[in-house]
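**Student:**
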Amino acid sequence: KINLTDVDAAVGILRYLAEQPAAVIIKHNNPCGAACSDTLSSAYYKANMADRVAAYGGAAAFNRAVDKDTAELIRENYLEVVAAPDYEEGVLDLFQKKKELRIIRIKTMDRLGEFRHTRFLDFKSLIDGGLIVQQSAVNNILSRNDFLPAEASYQGKIYKPLREPGDREYDDLVFGWAVEQGVTSNSVLYVKDKVTVGIGTGEQDRVGVAEIAVFKARTKYADALCYKTRGRPYKELALDVEKGRADRSLLEEIDAATAADKGGLPGSVMISDAFFPFRDGVDVAIKEGITAIAHPGGANRDYESIEACNEADPPVAMVFTGQRAFKH
């Protein structure tokens, strides 16, 4: 059941990412990492490195036929499911060497774009036998032109951002809002160069989820750096240091680089599926060096969030979506 719902969640995101090769890795119905790139293997590598730890045992879905380069990268990891429109010759032979890997072919994946504005029905039964039936949300943000200008009024004064997003920021905001459709509600994402940097899922408070996404970005950055430079997970190296089996300077070097790079957050954009009731959530992201924000808008204190963006040096861009990605 979880495998199938994970694939469904990934496909729900991929329907908005048809223009480029894309990979989405899902675990327990939330994305671990997602990326678009020039090649499918590059997209998968970036999505996996965005959160190697969470991706372990997950479901990876692709919007292009899986080629041998991508298959070789998949073989290096432990996944439970791979889903794609097709598999190039020789790929299934490579996958046969993987134990307990479920392989799904979705031949009609090239038609996903037809379902961008299609709603499905979601059924939930309650403990007393009651039944809730709801329609799925529809993503209205398919291009930069679909965003709304951020604007708010307070005590007769109109508040607007000092600048609008640049081309790269708009690309990341559109990508991030597409990924947001598959994230449990009350969430915050950080995205850079069409790759998720940090994903905070389904928290109870707005500032808390912004902080969790920062923590995850820094933690996953350290792990990816450790894996690239030392060929091993960060936690494994940390345990060896604690047990006296590795030099502490190795860990300190990775920690210092992660701190200096702020977990790769500077230059990223922030996506929030809900508005910010206070500016504190926005302040969390600005402190980490994000450059643009997209959220639904509509809070009584939107003017405070806009003011926070304008007080940043340099100013941070902000746009509204006019809708929530209210996944529950």
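Residue numbers for the sequence shown follow my numbering, beginning at 152 and rising by one.
C-beta atoms are modelled at their ideal positions from N, C-alpha and C, and glycine is treated no differently.
By the 10 Å Cβ neighbour count, where 16 or more other Cβ atoms means buried, how is I309 classified, buried or exposed?
**Tutor:** Exposed, since its Cβ has fewer than 16 Cβ neighbours within 10 Å.
**Student:** By the 10 Å Cβ neighbour count, where 16 or more other Cβ atoms means buried, how is L243 classified, buried or exposed?
**Tutor:** When all chains shown are included, L243 counts as exposed.
**Student:** Who are the near neighbours of A222 in its chain, counting only those whose CB is closer than 6 Å to its CB and skipping five residues on each side?
**Tutor:** For A222, where only same-chain residues beyond five positions count, the Cβ hits under 6 Å are V242, L245.
**Student:** What residues in its chain sit with their C-beta under 8 Å from that of P466, if we drop five residues either side in the sequence?
**Tutor:** Counting only Cβ-Cβ distances below 8 Å, and skipping sequence neighbours, we find P312, L313, R314, C460.
**Student:** For G208, which residues from the same chain have a beta carbon less than 8 Å from its beta carbon, with the 5 sequence-adjacent residues on both sides left out?
**Tutor:** Closer than 8 Å at Cβ, skipping near neighbours: K178, Y229, L230, E231.
**Student:** Mind checking A410: buried by the 16 CB within 10 Å criterion, or exposed?
**Tutor:** Answer is exposed; the Cβ neighbour count stays below 16.
**Student:** Could you pull the start and end residues of the alpha helix (DSSP H) that D431 belongs to?
**Tutor:** Counting along the chain, the alpha helix (DSSP H) containing D431 begins and ends at 431-438.
**Student:** Please go through the segment 198-283 and give each complete beta strand (DSSP E) segment of 3 or more residues, from N-terminal end onward.
**Tutor:** Whole beta strand (DSSP E) segments, 3+ residues: 209-213, 230-235, 253-256, 272-276.
**Student:** Tell me which residues share the same chain as T442 and place their Cβ nearer than 7 Å to its Cβ, disregarding the 5 neighbours each side in the sequence.
**Tutor:** Result list for T442: E320, G418, V420, V467, A468, in chain order.
**Student:** Taking the alpha helix (DSSP H) that Y305 falls in, what are its first and last residues?
**Tutor:** Note, Y305: premise wrong, no alpha helix (DSSP H); beta strand (DSSP E) at 303-305.
**Student:** Figure out for me which residue from G473, A205, L191 has the closest Cα to the Cα of N214.
**Tutor:** When only C-alpha atoms are compared, the closest one is L191.
**Student:** Could you check where the beta strand (DSSP E) with S338 kicks off and where it finishes?
**Tutor:** Neither: S338 is in no beta strand (DSSP E) and is coded neither H nor E.
**Student:** Here's a check: name, in chain order, each residue in its chain whose Cβ is nearer than 8 Å to the Cβ of F271, leaving out the five neighbours to either side.
**Tutor:** Q286, S287.
**Student:** On the three-pair Cβ rule with 8 Å, is the segment 423-438 touching the segment 391-409?
**Tutor:** Result no; under three Cβ-Cβ pairs closer than 8 Å.
**Student:** Please return the same chain residues whose Cβ sits closer than 8 Å to the Cβ of K219, not counting the five positions on each side in sequence.
**Tutor:** Only E239, G241, V242, L245 meet the Cβ criterion.
**Student:** Could you spell out the range, first to last residue, of the beta strand (DSSP E) harbouring A443?
**Tutor:** Element bounds for A443: 443-446.
**Student:** Count Cβ pairs between the segment 369-376 and the segment 192-208 that sit closer than 8 Å; are there 3 or more?
**Tutor:** Because the criterion of three Cβ pairs below 8 Å is met, the segment 369-376 and the segment 192-208 touch.
**Student:** Looking at the secondary structure, which residues open and close the alpha helix (DSSP H) in which K371 lies?
**Tutor:** Taken as a continuous stretch (DSSP letters only), the alpha helix (DSSP H) holding K371 covers 357-381.
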